[in-house]
Every structure is written in C-alpha cells, then in structure tokens.
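Chains as they are written, first to last, in our numbering: chain A, 1 to 359; chain B, 360 to 629.
Structure, as structure tokens:
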Amino acid sequence: MSSLSLKGIRKSYGSLDVIKGVDLDIKAKEFVVFVGPSGCGKSTLLRMIAGLEPITGGDLNIGGKRMNDVDPSRRGIAMVFQTYALYPHMTVRENMGFALRFAGVAKDQIAKQVNEAARILALEPLLDRLPKELSGGQRQRVAIGRAIVRHPDVFLFDEPLSNLDAELRVHMRIEIARLHRELQATMIYVTHDQVEAMTLADTIVVLRDGRIEQVGRPLELYDNPANQFVAGFIGSPKMNFLSAEIVEKIGASVTIELVKHPGTRLTLPVTGGAVGEKVTLGVRAEHFGLPGKGSVDVTLHVDAAEHLGSTSYVYANSGGELVVIEHEESRHTNGNDRITVSISADKAYLFDSAGQRLR
Amino acid sequence: MNMALLRRSATYVLLSLAAFISVFPFIWMALGATNKSNDIVTGRLSLGSNLLVNFQNLLAQVDLVRVFGNSFLIAIISTLLTLAVSSLAGYGFEIFRSRVRERVFQLLLLFLSIPFAALMVPLFVLISRAQLNNTFIAVILPTIASIFIIFYFRQATKAFPGDLRDAARVDGLKEWQIFLFVYLPTMRSTYAAATIIVFMGAWNNYLWPLIVLQTPENKTITLVISALTAAYTPDYGVILLATVLATLPTLIIFFVLQRQFVQGMLGAVK
C-alpha cells in the first residue's frame, strides 16, 4: 500500500485554471475523502491522480515515485466510477478479470484472483451474469470487485454511490468501510455528500474552486472549521449563519448584535475584529438551547417542522435568514408557531466578512 | 358516428393505402416471377406456373453463380472495409479533441452535397491512371470512406460512455484496444444498422460498377438485370425472377438484423 504526495498540482484548460495549486500528503492505508460542491475540482483532481487527465503543473508522487506522465495502468491504482463503467458485453467474471488479461497474467491466476475478490464481495452467484442482469447495488459491487482484483496500491472512488437509492447507499457505505478495514489499502474517495465524507474518512479534504480549504479528521473539521465555507459544508443540517455587527470590543472579547434582531447582543471571546465590522454568527442546529439556558434568547417564526421520531428539525425564519433548530422542545413545535431558543457563546462561531474564522 | 371513430377510420384507410403502395411492387415482382412475359404485360396478378421455365431461361442467359459471387464479394468486402474505416473515423471525430476537428468535419459534411455524377469523371480518370479499371478494387475503393457512415458513427459515439473508455485506460488498454475490445462490442447495434445500410448500398450499386466493370465475367447482379431489360424483346418473367433473387440477400440481412437495426437507428438519433 502506497502513500501519495501532491505538490503544487495545477490543471488548466487553456486560460481557465481548474486546479490552482494543491499540496497534499496522503499516508499509506489512509482513507481520504475529497469533498466539495459541484465544480470544485474534486473529480478532476482524482482523475489527475488516476492519469486520466494530464497534469499541467506540480508533482504527483505515488509510493515515492513521480507519476505525472506514467500510464494509468502503471500507477498502481484502480478506479471505481460513478456510472460503474462495467463492460456491457462481458460477464461479471470477464469484467473482473479483464485488466489482468491485458496485463498478461496466467489464466489460472486470473481465476484465483477473481474468485478471491468475488468471495470478499459475496459476488460468487453472479459471476456468470451480464451487467444488465444485475441491480444497481450489485453492479457497484462488481465495479469494486474489478478494482480489488488488480491488488492496487491505491483505490480511487469517483462518487461511487451517487446512482444508488438512499437505503442501498447506506448499505454500500458500510461495505466500503469494511473493505477498507479488510484490505488495509490507501483509498481516495470523491463525494459531494458530506455524510459519506464524515462516516467513511480518516481524513477529509474540503475543496472549493480548485483549492483546498481545509484538511483534517471528520470531527476536527466539524468542531473546528477554518472558515465559513467549511463550517457550512461539513455537518448535516448545515450550520446556521446569522448576520451580525461588532458593537463593542473590550480586550480579548467582542460584543455583537444580531442585525435581524436589534438589541440581541452576545459577547464572545475574540481577539480580532473591530467595532462596526460586519460579521457572521455561526450556530449548529443542535447547539440551540432552551430559553434562558444560554447566553442570549431569540424568538423566531417557524416555517415548518420535521418530526423524524428520534429527532425533530424546526425550520425557522430570522428576518429572511433560514435557521434550522434541533432540540428537545422541537418535538412539539409546528409551522406558524413562534419559538424562543437560546444561543450559548461557548458553542457559537464567528466569521469575518471575508468568511475567515474569528472564533 | 362520433369524430374519434371517424378519425381513427381515416387513419387506418390512409395507413393501409401507404402499406399497399409500399408492398405492391414486391408482390407484383414475386407474382411476375412465376408468370410468362405475355401474362405480365397483360397485367395478370395471380400466381403462375412458369417459375421453373423462367428459372431455366435465366440460367441459360446468365452465369448466376459467378454473377452472385461477384456481387457478394464486392458487397461483403465493401461493407467490411467501409465499417472499419468509417466507424474508426466517426469514433475518432467524437473522442479525440483538436482545434480543427469541427472545421474538418463541417468540410466533410459539405462534401456530402456533391452529387456522384460530378465525381464520376475525375474518379474514372483516377482509377484508370491507377490501372484499376475492370477490377473489383475499382468498385470497392471509392465507397470505403463513406461520409454518411462517418457522420452516423460520430452521432452514435456520443452515446458511448466516457467512463467506459476511462475504465479501459485504467485497465491498461491502448487506444486501438479500447476501440477493438470495448467500443466495437458495445456498439453492436450501431454496427448492425450500418451493416444493413452499407451492404444494401454496395449490393444495389449500379452506376459506378457500370462504368468501371467492362468484361462480362466481372459483372454484378444489378448490371446483369439491366442487361436483361435491354434485349429487343425483354422476357419480363425472367427479369422479375432475377430481381426477386437479387432482392433476397438484402431482405435476409434486414430480417436477421432488424432488431439491432431499429436499436441502432434509435441510438443514433436519441
């Protein structure tokens, strides 16, 4: 199993820069997830690692060797595609053994490796079927099997679960996590679904607009987002953002006032910022408390409520800013109600006008 | 009577009429092949008893095995080469990017508007200078790079998943191997439809073989049927029998590949 290192990786199409200098080290056996909104360059970056897109600048090293111009089949990688990309005219067995056939591996060795991968993924009964005779989940398992057969140093997954229904997605997520444990392989996984990122990753790489915004362990990113973008992207439901203004600054603390709730003030331990500066207060849905239990109370108009049994989400409106609340009292709240919740200073985040974190 | 019923009846009448107009020449051809020339001229439209006589007369005038052999040889080689070259070109036009790609393709499409009559003379001069006159190569060569088939394959290739090509690249296949082992089997129905189109074109080709094939031993079935009609007193029974026989191969190919043909045509326009 190999480590990877990306140094100043860039990708341009003519004058359009898509990847704008990415530096990243991935340890052997690590499960790394690239996450970000559509068009952030995560799939392009993965395809560059795979060798399917030429690298415009920088160095890509896999297992200590520079791989910029090496053929995809010689990089020690295997890739699983969103559309499965199974060869429609071949049986499952032929699909899985195809790469080995072209690598000149002996027939009995191919059979052995295919059977081994089929055993790991419980594909034995399907080996003689054509892809069109399989369900979506089975096809994806075959696609993963095709990757396993090659015994690659690095597995690359390009949004592999996007075409599956919700239930199957959860099942396959667990399957992939099990595979990672069993194979002890380096895996790079691209997704726009932050739940997949949170549940699968050892390390999450958040990308935006061709740049890395933050790299870290899932809970590290959740608890300590570097900026407003990461804070908004990691976590479901996403973090609530309320516009505010710094009204007072004393030593290492600032007092802010919520723009949509004049008079509602909150004091936070922040060293940066200046009086009059427009800032954004970030509060996670589960961090709203019962009235009087936090640092300050706010009363909001409820648009809708979702009671899921184990938890409830209240979609409230703070003068045009959507706020999602999750707490004990939510269970009895319905649309058109008014709800009063408290915000605790110790659990709140503060971002400056450029989206950088102040607290 | 309500309007819906009236409308439906009118549709059926129109469709029946269209079907009759389409099928009648074939029925007339098949019935004619069993009748005497005189009966055909007088408009007889029933099954006759002259089929064997017509067949004997045809055999007496035409070396059927040789003529069909010539036609088959030309049509099969022409189909294989056209499919190989034009599908490769169509695939290339769609898959590989280049700055001049669209310009070249537009130029190709422009060439489609040049009628064959305008190309005939220069083509004949070219073939003569290459000393290929009166050879099958002369018939086959100009048909290989078919702009229509290139266009058809380019359109069909748009539906060929890019991920499949990427998966093959990761699996270690070279570009030509991707074409041969992944693209070709995946696009079977497209090839089936193209086979019918190209084979029919090559089999029914008349004007160009008429110009370049001069000696009787090289003649194809279309030329022979034409020669039969040129007699002072043409035997229509024999002519129609020859026409029936000439129609059979394309008919068989169409019925064998029709399912793929429909799929292929749908794939190309979807």
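We put the beta carbon where it would ideally sit given N, CA and C, even for glycine.
Computed from a predicted model, the values in this text were never measured in an experiment.
- Secondary-structure assignment with DSSP links H307/A through a beta bridge to S312/A.
- Chain-order list of chain B residues neighbouring H89/A: P544 and T545, by C-beta distance under 7 Å.
- Measuring C-alpha to C-alpha distances from K533/B to each of R74/A, L134/A, T56/A and V314/A identifies R74/A as the nearest.
- Secondary-structure assignment with DSSP links N61/A through a beta bridge to S5/A and R66/A.
- Y511/B: member of the alpha helix (DSSP H) spanning I506 to T516, first to last residue.
- Within chain B, the residues R528 and V529 have their CB atoms less than 7 Å from the CB of P72/A, given in chain order.
- Under the three-state reduction of DSSP output, Q214/A falls in the strand class.
- Taking all protein chains in view, the Cβ of P225/A is crowded by 16 or more other Cβ atoms within 10 Å, so the residue is classified as buried.
- According to the DSSP assignment, S253/A belongs to the beta strand (DSSP E) that extends over S253 to L258.
- Neighbours of T83/A in chain B, taken as residues at a C-beta separation under 7 Å, are given in chain order as P520 and D522.
- Using a Cβ-Cβ distance cut-off of 8 Å, the region 213-223 of chain A and the region 56-63 of chain A are not in contact, since fewer than three pairs of beta carbons, one from each stretch, lie closer than that value.
- Chain order gives the chain A residues near L532/B as F102, where near means a beta carbon separation below 7 Å.
- E248/A: not part of any alpha helix (DSSP H); member of the beta strand (DSSP E) spanning N240 to I250, first to last residue.
- Rounded to the nearest whole angstrom, the CA to CA distance from E53/A to A185/A is 23 Å.
- The region 569-576 of chain B makes no contact with the region 382-390 of chain B: fewer than 3 CB pairs, one atom from each, lie closer than 8 Å.
- Nearest CB-CB separation between F31/A and chain B: not below the 7 Å threshold.
- Looking only at A252/A, L126/A, T91/A and V296/A, the smallest Cα-Cα distance to S342/A is reached by V296/A.
- F157/A has V80/A and Y189/A as its beta-bridge partners, per DSSP.
- For Y511/B, the closest of L600/B, V426/B, I435/B and A552/B by C-alpha to C-alpha distance is A552/B.
- As a beta-bridge residue in DSSP terms, L322/A pairs with N317/A.
- Here the alpha carbons of V529/B and L183/A stand approximately 20 Å from one another.
- As a beta-bridge residue in DSSP terms, K20/A pairs with R10/A.
- One finds nothing in chain B with a Cβ atom closer than 9 Å to the Cβ of F288/A; even the nearest lies about 44 Å away.
- Annotated as proximal: V154/A and I77/A, with beta-carbon spacing under 7 Å.
- Counting only Cβ-Cβ distances below 8 Å, A28/A has no contacts in chain B at all, with the closest Cβ about 20 Å away.
- Spatial neighbours of V190/A in its own chain (CB-CB distance under 6 Å, excluding positions within 5 residues in sequence) are listed in chain order as F34, K42, S43, L46, D158 and E159.
- Per DSSP, reduced to three states, the secondary structure at S375/B is helical.
- Of the residues T370/B, I611/B and I454/B, the one whose Cα lies closest to the Cα of W535/B is I454/B.
- Close to chain B, meaning a Cβ-Cβ distance shorter than 7 Å, are the following residues of the region 49-70 of chain A: A50 and L52.
- As the crow flies, the alpha-carbon of L616/B is around 16 Å from that of G560/B.
- A distance of 7 Å or more separates the beta carbons of A122/A and Y84/A.
- For D398/B, no Cβ of chain A is located within less than 7 Å of the residue's own Cβ.
- Taking the C-beta atoms as reference points, V597/B is found no nearer than 7 Å to N397/B.
- Secondary structure at Q184/A: coil, using DSSP grouped into helix, strand and coil.
- For the region 454-480 of chain B, the beta-carbon criterion of a distance under 8 Å to any beta-carbon of chain A is satisfied by none of its residues.
- Closest option to I509/B, judged by alpha-carbon separation, among A527/B, I556/B and L485/B: I556/B.
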